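Following the numbering used here, the numbering of the sequence shown begins with 817 at its first residue and continues without gaps.
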Amino acid sequence: MGNIYYILQKEANGLGHAIECDRQFIGHEPFAVFLDDDIVQLETPCLKQFINGFKKYNSSLVGVHKVPDEAVSKYGIVAPKGMKLGKNVIEADSIVDKPSFDEAPSNYAIIGHKSSIF
Numbered sequence: 817m818g819n820i821y822y823i824l825q826k827e828a829n830g831l832g833h834a835i836e837c838d839r840q841f842i843g844h845e846p847f848a849v850f851l852d853d854d855i856v857q858l859e860t861p862c863l864k865q866f867i868n869g870f871k872k873y874n875s876s877l878v879g880v881h882k883v884p885d886e887a888v889s890k891y892g893i894v895a896p897k898g899m900k901l902g903k904n905v906i907e908a909d910s911i912v913d914k915p916s917f918d919e920a921p922s923n924y925a926i927i928g929h930k931s932s933i934f
């Protein structure tokens, strides 16, 4: 069983900064980030899907969901590489933070990283 830490970010400086605040707890271990504005109910829980995906691909994973065109500017949007790796798994090229509709590379908005992102 892993450890669970709750960290309150003192200033809203983005997700990257929030994860950096947790670095001392993460070390070189795989970790999951739960955001208080992401609530997802699925038949197979999200964390279980992430753990299974990490074991299979040994890579950072980001949960995404498809959003309407008019909503892309509210989310980080994934730019897919076009390669489908498995059922419901695509390889991402990059993530664009809250792009305009015209600049959005897709409609896949991020929901939720391997410690190597540091």
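Yeah, the Cβ is synthetic: ideal placement off N, Cα and C, and Gly gets one too. None of the values given here were measured: they were computed from a predicted structure.
Residue i - DSSP class collapsed to helix/strand/coil
i, result
"Ala887", "helix"
"Ile893", "strand"
"Tyr822", "coil"
"Ala925", "strand"
"Gly898", "strand"
"Glu836", "helix"
Residue i to residue j span [Cα, whole Å]
i, j, result
"Gln840", "Lys871", "23 Å"
"Gly892", "Pro915", "8 Å"
"Asn829", "Asn904", "31 Å"
Residue i, buried or exposed, once every other Cβ within 10 Å from all chains shown has been counted against 16
i, result
"Ala820", "Looking at the sequence provided, one finds Ile at residue 820 rather than Ala. Exposed is the call here."
"Ile823", "exposed"
"Val856", "exposed"
"Tyr924", "buried"
Opening and closing residue of the alpha helix (DSSP H) in which residue i lies
i, result
"His844", "Unbroken run through His844: none, as it is neither H nor E."
"Lys914", "First-last for Lys914: undefined, no H or E at that position."
Residue range of the unbroken beta strand (DSSP E) whose run includes residue i
i, result
"Lys882", "Val880 to Lys882"
- the region 895-903 touching the region 857-865, judged by at least three CB pairs closer than 8 Å: no
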